[in-house]
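Asks: First to last, the protein sequences are chains A and B. Under the numbering used here, think of the first position of the first sequence as 17, with each following residue one higher. Under the numbering used here, think of the first position of the second sequence as 17, with each following residue one higher. All C-beta atoms, glycine included, are put in the ideal place defined by N, C-alpha and C. Following this message is one structure expressed as structure tokens.
There are 2 protein chains.
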Amino acid sequence: MADLKQIEIARLAGVSQATVSRVLKGDPQVNDEMRERVLAVVQELGYVPDARAQSLRSQRTRLLGLVVHRAPDALAGDPFFSALIASIIEQAGRHDYHLCVDTARTARSQRAIYEELLRTRRVDGLILVESETHDKRIERLSCEGFPFVLIGRYDPADAVCSVDNDNVGAAFMATDYLLRTGRRRIAYIGGPAGLTVTRDRLQGYKNALESHGVGYDPRLLAFAEFTERSAASAMAELLSLTPPPDAVVGLDDLIALSAMREAKRHGCRVPDDIAFIGFNDSPLCRYVEPSLTSIAVEIPVLARKAAEMLIALIEGREPQPKRQIVPARLVKRESA
Amino acid sequence: MADLKQIEIARLAGVSQATVSRVLKGDPQVNDEMRERVLAVVQELGYVPDARAQSLRSQRTRLLGLVVHRAPDALAGDPFFSALIASIIEQAGRHDYHLCVDTARTARSQRAIYEELLRTRRVDGLILVESETHDKRIERLSCEGFPFVLIGRYDPADAVCSVDNDNVGAAFMATDYLLRTGRRRIAYIGGPAGLTVTRDRLQGYKNALESHGVGYDPRLLAFAEFTERSAASAMAELLSLTPPPDAVVGLDDLIALSAMREAKRHGCRVPDDIAFIGFNDSPLCRYVEPSLTSIAVEIPVLARKAAEMLIALIEGREPQPKRQIVPARLVKRESA
DNA sequence: TTGTAAGCGTTATCAC
DNA sequence: GTGATAACGCTTACAA
Numbered sequence: 017m018a019d020l021k022q023i024e025i026a027r028l029a030g031v032s033q034a035t036v037s038r039v040l041k042g043d044p045q046v047n048d049e050m051r052e053r054v055l056a057v058v059q060e061l062g063y064v065p066d067a068r069a070q071s072l073r074s075q076r077t078r079l080l081g082l083v084v085h086r087a088p089d090a091l092a093g094d095p096f097f098s099a100l101i102a103s104i105i106e107q108a109g110r111h112d113y114h115l116c117v118d119t120a121r122t123a124r125s126q127r128a129i130y131e132e133l134l135r136t137r138r139v140d141g142l143i144l145v146e147s148e149t150h151d152k153r154i155e156r157l158s159c160e161g162f163p164f165v166l167i168g169r170y171d172p173a174d175a176v177c178s179v180d181n182d183n184v185g186a187a188f189m190a191t192d193y194l195l196r197t198g199r200r201r202i203a204y205i206g207g208p209a210g211l212t213v214t215r216d217r218l219q220g221y222k223n224a225l226e227s228h229g230v231g232y233d234p235r236l237l238a239f240a241e242f243t244e245r246s247a248a249s250a251m252a253e254l255l256s257l258t259p260p261p262d263a264v265v266g267l268d269d270l271i272a273l274s275a276m277r278e279a280k281r282h283g284c285r286v287p288d289d290i291a292f293i294g295f296n297d298s299p300l301c302r303y304v305e306p307s308l309t310s311i312a313v314e315i316p317v318l319a320r321k322a323a324e325m326l327i328a329l330i331e332g333r334e335p336q337p338k339r340q341i342v343p344a345r346l347v348k349r350e351s352a
Numbered sequence: 017m018a019d020l021k022q023i024e025i026a027r028l029a030g031v032s033q034a035t036v037s038r039v040l041k042g043d044p045q046v047n048d049e050m051r052e053r054v055l056a057v058v059q060e061l062g063y064v065p066d067a068r069a070q071s072l073r074s075q076r077t078r079l080l081g082l083v084v085h086r087a088p089d090a091l092a093g094d095p096f097f098s099a100l101i102a103s104i105i106e107q108a109g110r111h112d113y114h115l116c117v118d119t120a121r122t123a124r125s126q127r128a129i130y131e132e133l134l135r136t137r138r139v140d141g142l143i144l145v146e147s148e149t150h151d152k153r154i155e156r157l158s159c160e161g162f163p164f165v166l167i168g169r170y171d172p173a174d175a176v177c178s179v180d181n182d183n184v185g186a187a188f189m190a191t192d193y194l195l196r197t198g199r200r201r202i203a204y205i206g207g208p209a210g211l212t213v214t215r216d217r218l219q220g221y222k223n224a225l226e227s228h229g230v231g232y233d234p235r236l237l238a239f240a241e242f243t244e245r246s247a248a249s250a251m252a253e254l255l256s257l258t259p260p261p262d263a264v265v266g267l268d269d270l271i272a273l274s275a276m277r278e279a280k281r282h283g284c285r286v287p288d289d290i291a292f293i294g295f296n297d298s299p300l301c302r303y304v305e306p307s308l309t310s311i312a313v314e315i316p317v318l319a320r321k322a323a324e325m326l327i328a329l330i331e332g333r334e335p336q337p338k339r340q341i342v343p344a345r346l347v348k349r350e351s352a
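Written out as structure tokens, the structure reads:
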């Protein structure tokens, strides 16, 4: 069973080993009668070619690589990555590719992992997430001509293949929705001020206010760390304004959620007194009370497109366009 | 850069290609002077051996396989798998192994995936989760002598290598706690009835009832798929009983949460009218209202042990003991 | 101690 | 059309 190779099939079918290979590859040049004979033996013995030998010979492993920069416990709680992984696997599977996932916590181990995956040719291509603005890895991969696709933003945008969600558009969508439902004093709680996502979404927020002719009040802006407490205290401060905000756009679901809790603790009714919108449409949203309206960034779409692009690159097709933007989607629930 | 092989290193270092291989393998037989020469060239050119060639030659891919039986969207929201994946990767990495994750939704595709991973020798071993009581895959793998470790239970227990959390004990712990806090009509919502985890936890539930001398009422049992709707409708049915349950043990946090929401929608107060306990202590638990009491199964420990055992098997060491049990832990919150 | 050479199981290029 | 045969890049007897 274990040592079943083409040569064995060939012997039993009374043909040469090369013919077995041809039949398996679907070569149209082979005689029907021989094809039948070979396929019969293959079927009977359940022969499947050895991926290792194929990899060496074809210089292709049919393995996509994904490296995640999170400690295991951080990864564990993050719905983004599990969604990403699951969707990449699915899309890869359609093209008969598999996914190899690695984690790299420290900067050193990151370099090592990339080095390893790239140089050992263990994977045919890489999907990169959470890249920084000037990312050595990216320059490196570009130089080497190694196939890779970025999830996120990069400048110059057309230098690399990338997919991203439309952060400006997503925040516009959230704010616009609140304005349409009659809210006028809309606060924005961002994450750390340096993050591009914080800034992009702030931009979308401003755009929406402007498009409705609603004045922009800088006092309604707050920035929080990614902790419950930080978001809560930002919210407390916003509530001390007169008049207080009647809606809040939070950078992500956890921030929105923590803010919402704080508001409730101050006796606000949600959504009557104040509405809340988060981002990511994480599983959490459905389970809290009131359930949290959220802007879904379509991670499965993102992942599918990334995998699709990467496979195209690997197989020598130049993806067009090189940059794809996935629109966001409003998931309406009780909080707004 | 791309076509850098040992023979090239050998040429530049003025040695034979075999010597390069020996140096890289850390063979103590080689002359120090030669080793220096070779390593210098290796360093300078940043040579790394081709994993594909190594795989073919050594008959080892250094890849562990994990197959997950969930649709991508079900996987996406499930903290269990992300925790599992993350911890396996980490442990594997310590031994210079990588992880290949696949999903298989349908029974047919499951077979196909196993077939593929096993027969193509794409991975050196498999970690199996969510096995069923009489699992063809397991018999198959055993027959073939393919290295694999089960996360979960299997009979006879010493036929295969496995790690498991103490599901019977965990459910006992949950049910016992509810009984001690005065609950008497305790319902159990399992997952699909064939799953061993469903049955083991049912057993623990029954054991606890018995140990408290509380009668077992089969009407208080329900089985749900791993979807919100399914758990909710199971809960709705339980609520229609007279009298309704005063506590629910859910197979996992998501099931417990979905059930809890359904109960609240029916006007039940939690925990006053009805208490809820889930399993896994997922991040979600803290954010819902009321926060969910949960039995923590130590997934990282489970994953680490599984990976450790699998690697031992692959490398020809017989793990002792063949079965490892990881105890559970009660995390008390508001819902019970 | 180092070099030579025979595979590992495929695929692909030749002749026939 | 089909069958030898040479790679693919590495490991490892075996020879020197």
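1. Which value, in whole angstroms, describes the spacing of the CA atoms of Val313 (chain A) and Arg245 (chain B)?
2. Checking contacts by CB at 7 angstroms: is Thr309 (chain A) closer than that to chain B?
3. DSSP three-state call for Met17 (chain B): helix, strand or coil?
4. By a C-beta neighbour count over all protein chains shown, 10 Å radius and 16 as the cutoff for buried, is Glu60 (chain B) buried or exposed?
5. Check whether the Cβ atoms of Tyr193 (chain A) and Val265 (chain A) lie closer than 7 angstroms to each other.
6. Enumerate, from N- to C-terminal direction, the unbroken beta strand (DSSP E) stretches of 3 or more residues contained entirely within the region 167 to 206 of chain A.
7. To the nearest angstrom, how far is the alpha carbon of Met17 (chain B) from that of Pro208 (chain A)?
8. In chain A, which residues lie with their C-beta within 9 angstroms of the C-beta of Asp19 (chain B)?
9. When the cut-off is 7 angstroms and only beta carbons count, does Lys343 (chain A) lie next to chain B?
10. Quick check on Leu80 (chain A): does DSSP put it in helix, strand or coil?
11. Could you tell me which chain B residues have their CB closer than 7 angstroms to the CB of Val304 (chain A), listed as they occur along the chain?
12. Quick check on Arg16 (chain A): does DSSP put it in helix, strand or coil?
13. Is Gly198 (chain B) buried or exposed, if buried means 16 or more other CB atoms sit within 10 Å of its CB?
14. Short of 8 angstroms in beta carbon distance, which residues of its chain neighbour Gly220 (chain A), apart from the five on each side in sequence? Order them along the chain.
15. When the Cα of Asp151 (chain B) is compared with those of B:Arg137, B:Arg138, B:Arg127 and B:Pro163, which residue comes out closest?
16. Compare the Cα-Cα distances from Gly332 (chain A) to each of A:Pro163, A:Glu24, A:Leu255 and A:Ala102 and report the closest residue.
17. Output yes if chain B places a C-beta closer than 7 angstroms to the C-beta of Ile105 (chain A); else output no.
18. If you draw a straight line from the C-alpha of Arg27 (chain B) to the C-alpha of Arg138 (chain A), how long is it?
19. So which residues on chain B does Val117 (chain A) lean against when the C-beta distance must stay under 7 angstroms?
20. Which whole-angstrom value describes the C-beta separation of Ala87 (chain B) and Pro95 (chain A), a residue pair presumed to lie in contact below a C-beta threshold of 8 angstroms?
21. Going by DSSP in three states, Phe96 (chain B) sits in which element: helix, strand or coil?
22. Could you tell me which residues DSSP puts in a beta bridge with Gln340 (chain B)?
23. For Arg345 (chain A), which option in A:Glu334, A:Leu318 and A:Tyr232 has the closest C-alpha, if you only look at C-alpha atoms?
24. Below 8 angstroms on C-beta distance, what does Glu350 (chain A) contact in chain B?
25. Spell out whether any CB of chain A is found under 7 angstroms from the CB atom of Ala69 (chain B).
26. In this structure, how does DSSP classify Ala312 (chain B) when only helix, strand and coil are distinguished?
27. Please list the partners that Ala92 (chain A) has in chain B, where partner means a Cβ-to-Cβ separation under 7 angstroms.
28. Which partner residues of His114 (chain B) appear in the DSSP bridge assignment?
29. Output, in sequence order along the chain, the residues in the region 122 to 141 of chain B whose CB is closer than 8 angstroms to any CB in chain A.
30. Using a C-beta cutoff of 7 angstroms, does Leu300 (chain A) count as contacting chain B?
31. Cβ of Tyr130 (chain B) within 7 angstroms of Cβ of Leu80 (chain B)?
32. Lys321 (chain A): buried (16+ other C-beta within 10 angstroms of its C-beta) or exposed?
33. First and last residue of the alpha helix (DSSP H) that includes Leu267 (chain B)?
34. Looking at C-alpha atoms only, which residue of A:Pro44, A:Val83, A:Gly161 and A:Val54 is the closest neighbour of Asp19 (chain B)?
35. Can you give me the Cβ contacts of Val117 (chain A) inside the same chain, cut-off strictly under 7 angstroms, excluding the 5 residues immediately before and after it?
36. How many Å lie between Phe239 (chain A) and Ala247 (chain A) at the Cα?
Replies: Reading from the atomic positions:
1. A straight-line Cα-Cα distance of about 23 angstroms links Val313 (chain A) and Arg245 (chain B).
2. Taking Cβ atoms only, chain B never reaches closer than 7 angstroms to Thr309 (chain A), which makes this a no.
3. With a pLDDT of only 49 at Met17 (chain B), under the threshold of 50, the placement of this residue in the model should not be trusted, and no figure is reported.
4. Exposed: under 16 other Cβ atoms inside 10 Å.
5. Not in contact: Tyr193 (chain A) and Val265 (chain A) (Cβ atoms no closer than 7 angstroms).
6. Within the region 167 to 206 of chain A, the runs of beta strand (DSSP E) at least 3 residues long that lie entirely inside it are, in chain order, 178 to 181 and 202 to 206.
7. The predicted model places Met17 (chain B) with a pLDDT of 49, which falls under 50 and marks its position as unreliable; any figure quoted below should be read in that light. Those two C-alpha atoms are separated by around 40 angstroms.
8. The contacting residues do not exist; Asp19 (chain B) stays about 10 angstroms from chain A at best.
9. Per the sequence shown, the amino acid found at residue 343 (chain A) is Pro instead of Lys. Not one chain B Cβ lies under 7 angstroms of Pro343 (chain A).
10. Strand at Leu80 (chain A).
11. The contacting residues are Tyr303, Val304 and Glu305.
12. The structure shown does not extend to residue 16 (chain A), since chain A is modelled only from 17 to 352, so the question has no answer here.
13. A residue is called buried once 16 or more other Cβ atoms fall within 10 Å of its Cβ, and Gly198 (chain B), having fewer, is exposed.
14. These residues qualify, in order along the chain: Asn183, Val184, Gly185, Ala186, Ala187, Phe188, Met189, Ala190 and Thr191.
15. If we check each option's Cα against that of Asp151 (chain B), B:Arg127 comes out closest.
16. Put simply, of A:Pro163, A:Glu24, A:Leu255 and A:Ala102 the residue whose alpha carbon is nearest the alpha carbon of Gly332 (chain A) is A:Pro163.
17. Judged by the 7 angstroms Cβ criterion, Ile105 (chain A) is in contact with chain B.
18. In this structure, the CA atom of Arg27 (chain B) is about 25 angstroms from the CA atom of Arg138 (chain A).
19. Simply Ile101, Ile105, Leu115 and Val117.
20. Taking a contact as a CB-CB distance under 8 angstroms, the pair Ala87 (chain B) and Pro95 (chain A) does not count as one, their CB atoms being some 15 angstroms apart.
21. Here Phe96 (chain B) sits in helix by DSSP.
22. In the DSSP output, where bridge partners are listed per residue, Gln340 (chain B) has B:Val179.
23. Arg345 (chain A) has its Cα closest to that of A:Leu318, out of A:Glu334, A:Leu318 and A:Tyr232.
24. Going along chain B, no residue has its Cβ under 8 angstroms from Glu350 (chain A), so there is no contact; the nearest lies around 12 angstroms.
25. Yes, contact with chain A.
26. The answer is strand: DSSP assigns Ala312 (chain B) an E or B state.
27. The contacting residues are Pro95, Ser98, Ala99 and Ala102.
28. Beta-bridge pairing links His114 (chain B) to B:Leu79.
29. Residues Glu131, Glu132, Arg135, Thr136, Arg137 and Arg138.
30. So, interface residue.
31. Not a contact, by the Cβ cut-off of 7 angstroms.
32. Label assigned to Lys321 (chain A): buried.
33. Annotation: Leu267 (chain B) is outside any alpha helix (DSSP H) and is labelled neither H nor E by DSSP.
34. Out of A:Pro44, A:Val83, A:Gly161 and A:Val54, A:Gly161 has the C-alpha closest to the C-alpha of Asp19 (chain B).
35. Taken in chain order, the residues that qualify are Leu82, Val84 and Ile101.
36. Computed Cα separation, rounded: 8 angstroms.
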